[in-house]
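Below is one structure; the comments refer to it alone.
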Amino acid sequence: MTTPGSSDTFEWLPTECADERYPMQLIAGQAEWAGDSVRVPSGKIVNNGWGEIGSRHLVGEPQKPVPARVTLAWFSYTEDQFFAGTLELPHAELTALFRAGFKDPLTGNRASWDKLIVGMGLGGWTSAWLAGSGHVRAVASAQLEPTQRDWSEVLDNPDISRATFIGSKLRARLSDAQLRAHAKHGPPVSAWPKYARRYRWRLHVEGVQVPLHVSMRSFNGERDTYDFARQPPPDELHTVPKQLQITWLTRGAGKLLTKIALDEQEVFGAFDKACTAGADTPTPTLRIELGPRNRVSISVGPKDGPISLTRAKIELLSLPE
Numbered sequence: 137m138t139t140p141g142s143s144d145t146f147e148w149l150p151t152e153c154a155d156e157r158y159p160m161q162l163i164a165g166q167a168e169w170a171g172d173s174v175r176v177p178s179g180k181i182v183n184n185g186w187g188e189i190g191s192r193h194l195v196g197e198p199q200k201p202v203p204a205r206v207t208l209a210w211f212s213y214t215e216d217q218f219f220a221g222t223l224e225l226p227h228a229e230l231t232a233l234f235r236a237g238f239k240d241p242l243t244g245n246r247a248s249w250d251k252l253i254v255g256m257g258l259g260g261w262t263s264a265w266l267a268g269s270g271h272v273r274a275v276a277s278a279q280l281e282p283t284q285r286d287w288s289e290v291l292d293n294p295d296i297s298r299a300t301f302i303g304s305k306l307r308a309r310l311s312d313a314q315l316r317a318h319a320k321h322g323p324p325v326s327a328w329p330k331y332a333r334r335y336r337w338r339l340h341v342e343g344v345q346v347p348l349h350v351s352m353r354s355f356n357g358e359r360d361t362y363d364f365a366r367q368p369p370p371d372e373l374h375t376v377p378k379q380l381q382i383t384w385l386t387r388g389a390g391k392l393l394t395k396i397a398l399d400e401q402e403v404f405g406a407f408d409k410a411c412t413a414g415a416d417t418p419t420p421t422l423r424i425e426l427g428p429r430n431r432v433s434i435s436v437g438p439k440d441g442p443i444s445l446t447r448a449k450i451e452l453l454s455l456p457e
């Protein structure tokens with residue numbers, strides 16, 4: 137939403153996020169523009185999900201200029217390391233997105249981008265997204281540098297050792313399986329850039345029931361929703377899907393919801409194999425089919441040689457009428 141008579145201020149709030157498996161604590165953060173800034177909520181340990189909305193504080197004026205950069209300092213609990221630096225934002229692109237907004241595919245109404253999400257990743261990787269009405273769009277990323285800071289910025293209590301405090305927070309926030317993986321392998325810092333990989337693919341959903349809507353959360357933090365009748369998925373998608381939720385209309389006019397959580401290793405392996413052919417080859421398809429007895433099958437690739445995805449976790453729920 138723009139200020140009447142103005143073309144360069146919009147209503148938005150900053151917020152923070154981190155991957156579910158890697159708790160982070162923002163020590164300090166500022167979204168900056170010429171001559172001013174607004175504070176990104178800090179001090180809280182977060183592992184709410186990459187690209188997810190975190191803390192929201194009503195800070196500054198409701199209407200703000202488009203930010204030019206974000207300065208950050210955070211502590212990574214699984215790495216026992218501080219990171220700090222500046223993430224430059226694409227000012228012209230952000231301005232265009234704020235001005236245009238987007239069409240909500242479920243309501244048909246115009247919606248606005250009203251959150252600037254800042255993410256803290258492994259190895260100093262940071263990303264920024266715009267979010268609004270359930271949609272999330274990646275706009276910038278960079279790798280910041282490790283740094284040394286006073287431990288009292290995390291915990292100002294000399295009676296508790298750094299190692300003890302870190303261990304207690306990890307045990308409180310991670311599952312037993314995640315703790316075992318961390319103890320065995322450590323944080324997979326070198327693998328982090330893969331989440332930003334982009335491929336050329338399309339989505340096809342079919343079955344014994346009629347697909348109505350699909351919501352897709354990607355590994356790079358983006359989130360999109362499509363209405364198969366009014367605003368279907370585009371002919372070409374690029375981010376690697378992490379979770380999908382598909383709403384179906386049954387023959388009895390009821391509704392079903394399929395929740396799909398793709399296995400990270402399996403889906404990246406399949407996309408690497410299926411989506412790296414030459415530009416003159418047909419666009420690979422992620423195919424989701426709801427068969428008899430509501431059995432779900434998932435594959436990626438060409439129709440005559442697809443790669444089956446068998447390790448996905450699938451839930452099927454009946455929705456209230």
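The number in our numbering is simply the position in the sequence shown, starting from 1, with 136 added. A virtual CB, placed ideally from N, CA and C, is assigned to each residue, including glycine. All values reported here derive from a predicted model rather than from experimental measurement.
Query	Result
From I396, P368, Q367 and D363, residue whose alpha carbon lies closest to that of P377	I396
Rounded C-alpha distance that separates S263 from L373	20 angstroms
CB of T375 within 9 angstroms of CB of L252, strictly	no
Simplified DSSP assignment, three categories, for D286	coil
Reduced DSSP category for D295 - H, G, I as helix; E, B as strand; rest coil	coil
Residue range of the unbroken beta strand (DSSP E) whose run includes R316	Element bounds for R316: not the beta strand (DSSP E) but the alpha helix (DSSP H), D312 to H321.
Contact with chain C by N183, beta-carbon distance below 9 angstroms	The structure shown contains no chain C; it holds only a single protein chain.
Residue ranges of each beta strand (DSSP E) within the region 240–278, 3 or longer	251–256 and 261–268
Coarse secondary structure for T231, derived from DSSP in three states	helix
Range covered by the beta strand (DSSP E) that runs through F211	R205 to S212
Proximity to S288 [Cα-Cα], best of F218, L339 and L242	F218
Cut-off 6 angstroms between Cβ atoms - residues of its own chain near S212, not counting five sequence neighbours on either side	M160
Length of the line joining the Cα atoms of M137 and S297	The predicted position of M137 is uncertain, since its pLDDT is 45 and thus under 50; a value taken from the coordinates is nonetheless stated next. M137 and S297: Cα-Cα distance of roughly 47 angstroms.
Helix, strand or coil at Q166 according to DSSP, with G and I counted as helix	strand
Residue environment, G437, which counts as buried when at least 16 other CB atoms sit within 10 Å	buried
Cβ-based burial, D193 [other Cβ within 10 Å; buried from 16]	Residue identity check: residue 193 is His in the sequence provided, not Asp. By the neighbour-count rule (16 or more Cβ atoms within 10 Å), H193 is not buried but exposed.
E358 beta carbon near the ligand COA (any heavy atom closer than 8 angstroms)	You won't find the ligand COA in this model; it holds no ligand whatsoever.
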